[in-house]
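Residue numbers (this note's numbering): 384 to 1043. Backbone N, C-alpha and C fix where the C-beta goes; we use that ideal spot for every residue, glycine too.
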């Protein structure tokens, strides 16, 4: 096996050196327009060892490196995160610790998704994966929080976790200096003949004004699996665009930011069932229109550490229009089919979520204890269009939250958190009131030798949703969960050699969920798992990243059974070498264990991915970037657990970019 891998790495390097290279999403210096320096002693991802929260940050460099076609593909390397058909924007979903998307619904409301602080995503749409529909090229950072600890500031019901996305800013390209910058990137992939073009215009007329406009067009044909079989209805054409403006005023302590992004798609004669096109449903014409806008005011006076206020007004709108394609269903001759057609196929869906959040961060001390106190109030209204297959209605909520990070100065940090939320949900015929008090306590103790131990306990509630208005028994029964976590981390330099860096984090969790309404005939669920993240880098440019996930579950339905959305155990290892500051070569191995306890068992798989990045520092190509990737190197025919489609076969990806 070593020979073909070595050959592919050498070929990648040879191709890289022999072709012009172009820049991608990188800051430009004010004098000679060169890319920011890449330090040799750096792995692809920094392990968050200084927090008890199970948090992973995917930054701009890693977003560029993965050349993902969907947001789901950006976070699939995070331990505990599993994709539901992640290669297609329309039919993909994110599952964290066994919750979130599944093969029936795009979301179970136990994984929160936010874009620039706006709550996005639909509720339980039958066989339509709409948890998150947008283009990864719009974003510069993705934060993934697994479990409940660390989520109470952002919402309730995050039993599985939280995904937060941050859009790009003009200053990311101008470097904070006045003037124009134009960034163009192009990406191509052999499997499915996919292409992506991203054009960004960044302008700073003055140091306190900045504007950004971006247009992205992504398209792909149906991809082929490792055996050469075409996976039906996996192609897409998704135009996206974004505008963003920021004004800083006063003495620099006031800021006002507005962002708006929009992604659309028009699919014709495609299977109604986005998860499994062979499930026996007919075809539809389907149009998507997803919009998110945010207006944010910030006040952070330099001379007052008690005030750091932000007021955020956000609006998210997801609209899905669909109509039946005559003659496409095998059940069309059934006398009752016209009713079924109107009930399921000829149904339009729309979710509109308006939210206002006012919060403050106060830094102060009480004796020997330093506090970072976050308090806030949140008002949210979600409106759902009345549809044939799901009730429409309104969900109004009021929440207050408080999170205090208390540093005792001796290595110990305690973080109590509390959230109270009240809800009025209903439509013209019924109305229900609910409230919930939730929260938790997390702690971390950092030793002087680089080690740290941490733990947390949390209680959460997922309040009823609009889609369940047709079932009155569910409308006064919030789903409840508790979670315990314990682990240790290590972060230190010069461990095995001079100037090397080692980061490691192991986290064991136990989650119990009861009063379940999202899944029929399920009374309670118990999950436990071990998540491991590690990184090691040397000054000579060698680095490695390791991510592992081991999980077990149990379901109570009168008798004990396995939780069918439990992810498979997995291991992901990356070995890389930076040659100077110009060339980065890496080899990624992704191993998934077989899953036999599920009703849809899957076999084990080991997939190899190669990546190369070239960033010339001198000459006419200075300030450019070229990336070459080879995914599923050995063309393995496999299906990841929880997915309903075979994964894509061997794919060569190539991207180039430049900032002018």
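- Between residue 1013 and residue 993, the C-beta gap is smaller than 8 Å, which places the two residues in contact.
- Beta-carbon to beta-carbon, residue 1020 and residue 1033 are separated by about 10 Å, too far to satisfy the 8 Å threshold.
- Shown here, residue 814 sits in a strand according to DSSP, grouped into three states.
- Taking a cut-off of 8 Å on C-beta distances, the stretch 639-649 touches the stretch 673-689, as three or more cross pairs fall below it.
- Here residue 593 is buried, its C-beta having at least 16 other C-beta atoms within 10 Å.
- Short of 6 Å from the beta carbon of residue 796, and not among the five residues preceding or following it, lie these beta carbons of its own chain, in chain order: 790, 827.
- Residue 891 places its beta carbon less than 8 Å from that of residue 913.
- One alpha carbon belongs to residue 970, the other to residue 990, and they sit about 11 Å apart.
- Between residue 765 and residue 734, the C-beta gap is smaller than 8 Å, which places the two residues in contact.
- Here residue 949 is buried. Its C-beta has 16 or more other C-beta atoms within 10 Å.
- Considering only 575, 981, 974, the residue with the shortest C-alpha distance to residue 938 is 981.
- Within the model, the alpha-carbon separation for residue 572 versus residue 1011 is close to 10 Å.
- Proximity to residue 952 across 905, 968, 967, 988 peaks at 988, based on C-alpha coordinates.
- The continuous stretches of alpha helix (DSSP H) do not include residue 1028, and DSSP gives it neither H nor E.
- Residue 482 and residue 1026 have their C-alpha atoms roughly 14 Å apart.
- At the C-beta level, residue 815 and residue 847 come within 8 Å of one another.
- Residue 654 is bridged by DSSP to 666.
- Linking residue 905 to residue 856 through their CA atoms gives a straight-line distance of about 15 Å.
- In the DSSP assignment, residue 556 falls within the alpha helix (DSSP H) that extends over 554-557.
- Annotation: residue 604 to residue 712 spans about 23 Å, alpha carbon to alpha carbon.
- At a Cβ-Cβ threshold of 8 Å, residue 473 and residue 671 count as neighbours.
- Annotation: residue 444 to residue 812 spans about 51 Å, alpha carbon to alpha carbon.
- Bridge pairing for residue 583: 566, 597 [DSSP].
- Separation of the CB atoms of residue 917 and residue 929 is rounded to 4 Å, and the pair is thereby assigned contact status at 8 Å.
- Counting only the Cα atoms, residue 860 lies some 21 Å from residue 823.
- Counting along the chain, the unbroken beta strand (DSSP E) around residue 866 starts and ends at 862-876.
- Its Cα nearest to that of residue 964, the residue 1005 stands out among 936, 829, 1005.
- Boundaries cannot be given for residue 998, as no alpha helix (DSSP H) includes it and DSSP labels it neither H nor E.
- For the 8 Å CB-CB criterion, residue 668 and residue 708 form a contact.
- In the DSSP assignment, residue 428 falls outside any alpha helix (DSSP H), carrying neither H nor E.
- With respect to residue 595, residue 526 sits apart: the two C-beta atoms are not nearer than 8 Å.
- Contact between the stretch 618-638 and the stretch 526-539 is absent: fewer than three C-beta pairs spanning the two stretches fall below 8 Å.
- In the structure shown, residue 1022 falls within a coil segment according to DSSP collapsed to helix, strand and coil.
- Our two residues, residue 512 and residue 484, have alpha carbons roughly 8 Å apart in a direct line.
- DSSP places residue 449 inside the alpha helix (DSSP H), whose first and last residues are 443-449.
- Within the stretch 471-499, the runs of beta strand (DSSP E) at least 3 residues long that lie entirely inside it are, in chain order, 476-479, 494-498.
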